[in-house]
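Residue numbers for the sequence shown follow the working numbering, so the first one is 129 and each next one is one higher. Backbone N, C-alpha and C define an ideal beta-carbon position, used for all residues, glycine too. To start, the structure under review is shown below, and the notes come after it.
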Amino acid sequence: MASLEKHCRPIDAVIVETELKGTLIERLVHVEDRVLKLSLQLEEELGAEKKREEISAKKKVKKGGLKHFVESCVKGTG
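Right, here's the structure in full:
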């Protein structure tokens, strides 16, 4: 019977709840906007992370390149 009470509510209570929460469509639009913002934020963070990794990799390559150059000079192969 409790289930039936939840489904059969006075119209005044439903109207008040709808005014407070908004219609279902308005609430869905709000959720979609939030998901879009989070998605864009995540993409930005992933892009920044990738850029940091690329910069870090370039620094490692440069260091390895100099080390390799010095080794080749010492060995006389450069």
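field: Thr-146: first and last residue of the uninterrupted alpha helix (DSSP H) it sits in
entry: 139-149
Three-state secondary structure (DSSP) of Cys-136: In this structure, Cys-136 counts as coil in the three-state DSSP scheme.
- request: Measure the C-alpha to C-alpha separation of Gln-169 and Glu-182 and round it to an integer number of angstroms.
  value: 20 Å
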